[in-house]
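Chains as they are written, first to last, in my numbering: chain A, 14 to 196; chain B, 506 to 1051; chain C, 5 to 243.
Dropping the structure here:
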């Protein structure tokens, strides 16, 4: 990707699927460097901005979290359809990480534990509002094409900074030099 | 024992046979036994006793045409009876010297005429448990000649001249292998016969051991003399109980005749054989895993070199050959290497036994000269696919091999041409498939086999076969994508090039060969979501929701 | 010329190097500062050539050879990194990550894991294969150590160190193919009162991942120290 014309800023989105939001926190750890990034990008969709609908055309999306529910699956497919360059942000998006720890035992056991055994009031598994869980939690690239993988739990603010700067400059960042699984 | 004594034994058998007007050979191979041919033999004996005719009712090994079993062969007029049952016993005995039983006649001349029996020359002709019958058909002449007239180097020279190559699948020149073990410096050396036949659809070795065990024993003894070994092991699958019991009897018989043991033929040559049972692991057919298994260790292969010829069983130089390889040896010694080399093609000499199975009329065991066109084996000897179906492919080489499509049926059967066609000779399994077979599903079947049979030692094979199977399963159930196919091809290359032993290195072959010739079927599953053969259950259901 | 002075010369990655005839290509490469990735190999233990990460190319041979067991030969031209080899190495790591539940973020060995480090070193940023997520047990019956099969890559270092160095042969492998599992004794709990474990902890120190670990220690507190092995062997030889 390149963005030679600085007057048209890149449209950046961040998406939160099944993750702990730690990647978003780490992203915010960019601190004052956010201002520098903001010179090149407009944050058009994110858990930290007001927009509720994913815009029609996004240049760059950072996706946190694994695909664990029907809702996640719909979301990631929609994001992919409207995004030029999709980045799997953090281990949950890249490997399914902690959310996938339920895979060997299955969703029923998890639901039972959370809503029946550990609930002191109104012990029942919710059927409305809460989206249906998929049988297996999987990384996002098993559902859609991913353009760049940013492993780390979470990837450091430095990693975000260098990666975004490289992408803005139209370069390919050397991910393994910056981060790894579990970093 | 010397040649005269062998001849005395032989003429003893011939004279005994002269007392009978007829010989009634009843197949007691595993195939016919499964249809109670032992009861048929008993019924024939009872009927014979009642009739007062003079006939020899003989238990024999496999006659080859398993599809027509239970089989009975009546000599001297070479009448082959098929689908014989206990009910037919009286009719068969009554027909001796009278009109043959019309309903039982098996008239498949072409099936037998196109074959050339070297390894199978005694199969279905002798009682496998009677060493004298083997001797009466020139058995043990090779060993006696070798021990009395030849130096070990002369024996190896004959084998080298014959051009015999390993029949277990690898096709390594046997003479070269023997030479290497002979040259290795060691007080102790071993000879191992690999009877751990595990390919799906293969039963050449089982049949050989059941039908003519003495031939393998003689071959091993000749090899032991040539390389300087005094101890041999036959590693045979425990799933072959009949082969094991016939071998046990045969070893005892050979010792009784002084053809195993100390000072064989009055020479300083000592040799004896022990049977070792495999516990069912396919990978134990790989030579280093087999050796580990004999040593009592986990049956896992190790990195070669060193090859067993330098450091094998218990670290000693070891010659390891397949059942069929050893079975060729006695005839080569008796008739000479040049005779053997005259059969076959430039680089693939002699004959090869194949187990014809699958969608083919004449299921069974056949032995043909190398170089015979595949078409002649499938359509001529095999009788082609059943009525109303069309031939699609023939799978050779077991799980390590590949599928050869109809357009390549005219290639000749040799080590080189089969490899060129993306398959391999393998041990000799030949599975014929017709239009009711889905080639993606076939690849998945073989992958499942490799996955289950992987020993788990090296990562590419242990984890790679599992992933290949997962990807193939996706394609079969209609959820596969073109990315999955690319990933599968990529993984094939790693498993092929990075695996430790032959099992892993060849595990991707069924995928690669079906992709080479039947890519359209893969595309049908992935793009059109349909299985043209109607085998795969294409699943349109979305992700299963909790 | 006596055997002790016989020297072979060969070329590794374009560099002229010399070696004793009994040396492996891996030994010689490392002596000369050329890094070849390994997982099952460990200095001081016998080699099994099972992880296949150390595969190298030899000029004139199409077959790839494991550097940990392949002996040097006069005039050999060795290539330790090529696009072909790099691709196989990454694929092998991917297969390992997908095989069991390697969840780096919550693993005791996070930051001290050879598998994790190799993934980074070889530029692996994601796994293309579906994760298998098998249900595997954790054996925490031992008073000092834990065995977590979720993290095991079946390198068999524990098996070899216990049999070859400690001489106890507590560890071995059961099952076949993907069902393989390291076991203690005859698949008895590690902490069984009749266990033959000497509690020496060598297996824990040589384990490249978080499969074997000391109780109560996590992450940065848990660097593995397998480097005791060559010294131990040297001291034993000296005796």
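Glycine included, C-beta positions come from ideal geometry on N, C-alpha and C.
> When the Cα atoms are used, what is the spatial distance from residue 36 of chain C to residue 825 of chain B?
Replying inline: Position 32 of the third chain, counting from 1, holds the residue named residue 36 of chain C. Position 320 of the second chain, counting from 1, holds the residue named residue 825 of chain B. C-alpha separation (whole angstroms): 40 angstroms.
Out of B:589, B:620 and B:630, point me to the one whose CA is closest to residue 611 of chain B's CA. Numbered from 1 along the second chain, position 106 holds the residue referred to as residue 611 of chain B. Residue B:589 holds the alpha-carbon nearest to the alpha-carbon of residue 611 of chain B among B:589, B:620 and B:630.
- Task: Report back the beta-carbon spacing between residue 26 of chain A and residue 59 of chain A to the nearest angstrom; my notes put them in contact at under 8 angstroms.
- Result: Here residue 26 of chain A corresponds to residue number 13 of the first chain, with the count starting at 1. Here residue 59 of chain A corresponds to residue number 46 of the first chain, with the count starting at 1. Contact check for residue 26 of chain A and residue 59 of chain A: beta-carbon distance about 6 angstroms, within the 8 angstroms limit, so the pair qualifies.
| said: I want to see whether chain B comes within less than 8 angstroms of residue 130 of chain C, judged by CB atoms only; does it? | reply: Walking along the third chain from the start, residue 130 of chain C turns up at place 126. So, not an interface residue.
In three-state terms, what does DSSP make of residue 736 of chain B?
Within the second chain, the letter at position 231 stands for residue 736 of chain B. Three-state result, residue 736 of chain B: strand.
Cβ neighbours of residue 1018 of chain B in the same chain (closer than 7 angstroms, five flanking residues each side left out) | Within the second chain, numbered from 1, the residue matching residue 1018 of chain B stands at position 513. Cβ within range, chain order: 907, 908, 927 and 928.
For the segment 108-120 of chain C, which residues have a CB atom closer than 7 angstroms to at least one CB atom of chain A, in sequence order? 108, 109, 110, 111, 114 and 120
List, in order along the chain, the chain C residues whose C-beta lies closer than 8 angstroms to that of residue 959 of chain B? Numbered from 1 along the second chain, position 454 holds the residue referred to as residue 959 of chain B. Simply 180, 181 and 182.
* **Contacting residues, own chain, Cβ-Cβ under 7 angstroms from residue 56 of chain C (five flanking each side not counted)** => By 1-based counting over the third chain, the position of residue 56 of chain C is 52. So the qualifying residues of the chain are 70 and 96.
key: Unbroken stretches of the beta strand (DSSP E), 3 residues or longer, contained in the segment 130-167 of chain C   = 149-152
Complete alpha helix (DSSP H) runs within the segment 944-996 of chain B (minimum length 4 residues, chain order): 944-958 and 964-981
Exercise. Using the beta-carbon of each residue, which ones in chain B are nearer than 9 angstroms to residue 92 of chain C?
Worked result: Along the third chain, read from residue 1 onward, the residue named residue 92 of chain C stands at position 88. Residues of chain B passing the Cβ test: 965, 998, 999, 1002 and 1003.
Quiz item: Can you list, in chain order, the residues of its chain whose CB lies under 7 angstroms from that of residue 890 of chain B, leaving out five sequence neighbours each side?
Solution: Position 385 of the second chain, counted from the first residue, corresponds to residue 890 of chain B. So the qualifying residues of the chain are 864, 865, 896, 937 and 939.
Based on the DSSP secondary-structure assignment, which residues constitute the bridge partners of residue 777 of chain B?
Along the second chain, one-based indexing puts residue 777 of chain B at 272. According to DSSP, residue 777 of chain B bridges with B:736.
Quiz prompt | Length-filtered (4 minimum) alpha helix (DSSP H) runs lying within the segment 97-153 of chain A | solution = 103-108 and 120-124
query: Residues in its own chain within less than 7 angstroms of residue 51 of chain C by CB, not counting five upstream and five downstream?
result: For the purposes of this step, residue 51 of chain C is taken as residue 47 along the third chain, with counting starting at 1. For residue 51 of chain C, where only same-chain residues beyond five positions count, the Cβ hits under 7 angstroms are 45, 72 and 73.
query: To which residues does DSSP link residue 595 of chain B through a beta bridge?
result: As a first step, residue 595 of chain B is located in the second chain; it is residue number 90 there, counting from the start. Paired residue(s): none; residue 595 of chain B is not in a bridge.
- Item | Min CB distance residue 65 of chain C to chain A below 8 angstroms | By 1-based counting over the third chain, the position of residue 65 of chain C is 61. It does not: the Cβ of residue 65 of chain C has no partner Cβ on chain A nearer than 8 angstroms.
- Query: Helix, strand or coil for residue 17 of chain C per DSSP?
  - Reply: Residue 17 of chain C sits at position 13 when you count from the first residue of the third chain. If DSSP states are grouped into helix, strand and coil, residue 17 of chain C belongs with coil.
- [ ] Specify the secondary structure class of residue 512 of chain B as computed by DSSP and reduced to three states.
- [x] In the second chain, the residue the question calls residue 512 of chain B occupies position 7. Note: residue 512 of chain B maps to helix in three-state DSSP.
Problem - Cross-strand partners of residue 909 of chain B (DSSP beta bridge) - result: Sequence index remark: in the second chain, residue 909 of chain B carries index 404 (1-based). Beta-bridge pairing links residue 909 of chain B to B:899.
Using the beta-carbon of each residue, which ones in chain A are nearer than 7 angstroms to residue 127 of chain C? The residue you call residue 127 of chain C lines up with position 123 of the third chain. Chain A residues near residue 127 of chain C: 189.
Alpha helix (DSSP H) segment containing residue 185 of chain C, residue limits
What you label residue 185 of chain C is simply residue 181 of the third chain in a count that begins at 1. No alpha helix (DSSP H) holds residue 185 of chain C; the beta strand (DSSP E) holding it covers 185-188.
For residue 52 of chain C, three-class secondary structure by DSSP
Mapped onto the third chain, residue 52 of chain C falls at position 48. Residue 52 of chain C falls in the coil class under three-state DSSP.
Subject >> Delimiting residues of the alpha helix (DSSP H) encompassing residue 93 of chain A >> reply: The residue given as residue 93 of chain A occupies position 80 in the first chain. It spans 83-94 - the alpha helix (DSSP H) in which residue 93 of chain A sits, taken as one unbroken run.
Would you say residue 103 of chain C lies against chain D (beta-carbon separation less than 8 angstroms)?
No chain D appears in this structure, whose protein chains are A, B and C.
- Query: Quick one: Cα of residue 700 of chain B to Cα of residue 43 of chain C, how far?
  - Reply: Locating residue 700 of chain B in the second chain gives position 195, counting from the first residue. Locating residue 43 of chain C in the third chain gives position 39, counting from the first residue. For residue 700 of chain B and residue 43 of chain C, the distance between alpha carbons rounds to 35 angstroms.
To test your reading of the DSSP string, which unbroken alpha helix (DSSP H) runs of 4 or more residues are found completely within the segment 80-124 of chain C? 87-103
* Check the Cβ of residue 135 of chain C against every Cβ in chain A and list those closer than 8 angstroms, keeping chain order. => Stepping through the third chain from its first residue, residue 135 of chain C is reached at position 131. What residue 135 of chain C touches in chain A: 108, 109, 113, 116, 151 and 152.
Taking Cβ positions only, does residue 978 of chain B come closer than 8 angstroms to chain C?
Here the question's residue 978 of chain B lines up with position 473 in the second chain. Taking Cβ atoms only, chain C never reaches closer than 8 angstroms to residue 978 of chain B, which makes this a no.
- prompt: Any chance the segment 785-804 of chain B sits against the segment 753-763 of chain B, with 3 or more Cβ pairs inside 8 angstroms?
  reply: No, the segment 785-804 of chain B is not in contact with the segment 753-763 of chain B.
ask   = Comparing alpha-carbon positions, which option in B:731, B:672 and B:711 lies nearest residue 685 of chain B?
value = For the purposes of this step, residue 685 of chain B is taken as residue 180 along the second chain, with counting starting at 1. Closest by alpha carbon: B:731.
Chain C within 8 angstroms of residue 27 of chain A, Cβ atoms only:
Your numbering for residue 27 of chain A matches position 14 in the first chain. Chain C, which has no Cβ nearer than 8 angstroms to the Cβ of residue 27 of chain A, makes this no.
message = Does any residue of chain C have a CB that is nearer than 8 angstroms to the CB of residue 949 of chain B?
response = Numbered from its first residue, the second chain carries residue 949 of chain B at position 444. No, its Cβ sits nowhere closer than 8 angstroms to a Cβ of chain C.
Identity of the residue in B:942, B:581 and B:878 nearest residue 894 of chain B by Cα | On the second chain, residue 894 of chain B is found 389 positions in, with the first residue counted as 1. Comparing Cα positions, the closest option is B:942.
Near residue 104 of chain C, which residues of its chain fall below 8 angstroms by C-beta distance, leaving aside the five closest residues on each side in sequence? Position 100 of the third chain, counting from 1, holds the residue named residue 104 of chain C. The answer, listed in chain order, is 136, 138, 140, 153, 154, 155, 156 and 157.
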